[in-house]
Every structure is written in C-alpha cells, then in structure tokens.
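Remember, our numbering sits 71 above the position in the sequence shown when you count from 1.
Virtual Cβ for every residue (Gly too), placed ideally from N, Cα, C.
Written out below as structure tokens is the structure these notes cover.
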Amino acid sequence: MNITVIGRGHVGGGLARLWEKAGHEVRTLGRDGGDASDADVVVVAVPGNRITEALRGVTGLNGQVTIDATNLYAERDPAFPSLAHQVKSIVGGPTAKSFNTVFASAYDQIGTQRVTPSNLYAAEPAAKDITAQLIADAGFDPLHIGDLTPGARLLEDSSGLTRALAGQIGGPFFYRYGRPGEL
C-alpha cells in the first residue's frame, strides 16, 4: 500500500517506520508540505489545532482513504463534530479515527508484549477494512468501535483519560480489550 503520512513527529514518524517494516511504501511530509497524489491512504498525525495549517501545504489530496491520528490538546473547531470530520472536510475521502489512544513512545515495544495490544478505531464503512489492516500491520489488534459519527468524538474525548491513566501508572501503557476467556 502507498501511504502518505502528514507529520514526522513521534506518531507520524513512528507509524511510518512500523508500516515500512511491514512492507508498505511510505512517504512522510512535514511542515514544508508536499505531494500526496500517489497515496492510497493519507494519515494525518499533527496536533489537532494544526490540521488546517498542515494540510494547506499538501497537494494531491483528492478523496483518498484517510486516517486521522490527531489528538485534542486545545479547543476543537466548533464547525466540526470532531477533528476527524475536520480532516475529512479537507481530504474528502472515507475517513477513520485511530492511533490517538495509544502511545507512540511505546511503538518499539509492541512486539514484545505477552498479548497483542488493542487499538480502538472508528471508521466510515469505506475506510474500515483498510484502517483495520494498517492497525494490524503496525502490530496492534484493531478494535472497531463504530462509525466515524459518533466514534471519532468518543476517541478524541478519551485522550484526557488516557493521559490521566499514564500519570497514575507512571508512563505510557498498552491496553487490551477482550471477552472473558480470550485473554
């Protein structure tokens, strides 16, 4: 799969490395922007308050499947029900919300876990399978929580809980959801 990741920080750069290791063709774009016209999937991994600014410098955004990995650290634009909807308004393609409830600083430890860590995601139907595949290719067990509406907002609003838990247990963590007897 040809993936363009917008954002070269911990999340974007970390996901790019995981996907390259899994055999995907990955291009990362930073503040200088660039062309995404050959991307099968666009991943937006920038601070939530920088979505418009980050995507302004990217050409070739023409309805690709998009995964929004942004997090809410400031007020969201009230014109959109979620950051993922804001991303969708610019890229225009089927959209998913994922990777905002896992810690990029622990990406290098995914494969050493006793059980595969979960990664929650919300997706429109046309983005669901591709997103699940890329979550699995990054080393996580994909756990679909439903459609983009209301799922993206639920995931974004949970970031405060994730940070609070990290503070209580002393740093990044993985989570695993499963039915009794499956873990």
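Which residues share a DSSP beta bridge with residue i?
i: P213; result: N190
i: R120; result: The sequence given here places Asn at residue 120; Arg does not occur at that position. None, per the DSSP bridge assignment.
i: I74; result: V97, V112
i: D106; result: T130
Below 6 Å CB to CB, which residues in the same chain sit around residue i once its five sequence neighbours on both sides are set aside?
i: Y246; result: S189
i: F211; result: P188, N190
i: D106; result: T130, G131
i: T75; result: R98, A107, A110, V113
i: G164; result: G134, Q135, V136, T137
Rounded to the nearest angstrom, what separates residue i and residue j at their Cα positions?
i: K159; j: T187; result: 30 Å
i: A237; j: R224; result: 21 Å
i: A150; j: V114; result: 22 Å
i: A207; j: I201; result: 10 Å
i: P256; j: N73; result: Absent from the structure is residue 256, since the part of the chain shown begins at 72 and ends at 254.
i: Q204; j: G242; result: 28 Å
i: R79; j: G101; result: 6 Å
i: D103; j: D228; result: 30 Å
i: L132; j: L226; result: 24 Å
i: Y233; j: L89; result: According to the sequence shown, residue 233 is Thr rather than Tyr. T233 and L89: Cα-Cα distance of roughly 22 Å.
i: A116; j: D109; result: 18 Å
i: R121; j: E253; result: 40 Å
i: G134; j: R250; result: 36 Å
With a CB to CB cut of under 8 Å and the five nearest residues on each side skipped, what residues in its chain are close to residue i?
i: D218; result: A193, A194, E195, P196
If we require 4 or more residues per run, which alpha helix (DSSP H) segments fall completely within the region 134-203? 154-162
Would the region 147-155 count as touching the region 178-187 if we require 3 or more Cβ pairs under 8 Å? no
If contact is defined by three or more beta carbon pairs under 8 Å, each pair taking one atom from either stretch, is the region 139-149 in contact with the region 90-108? no
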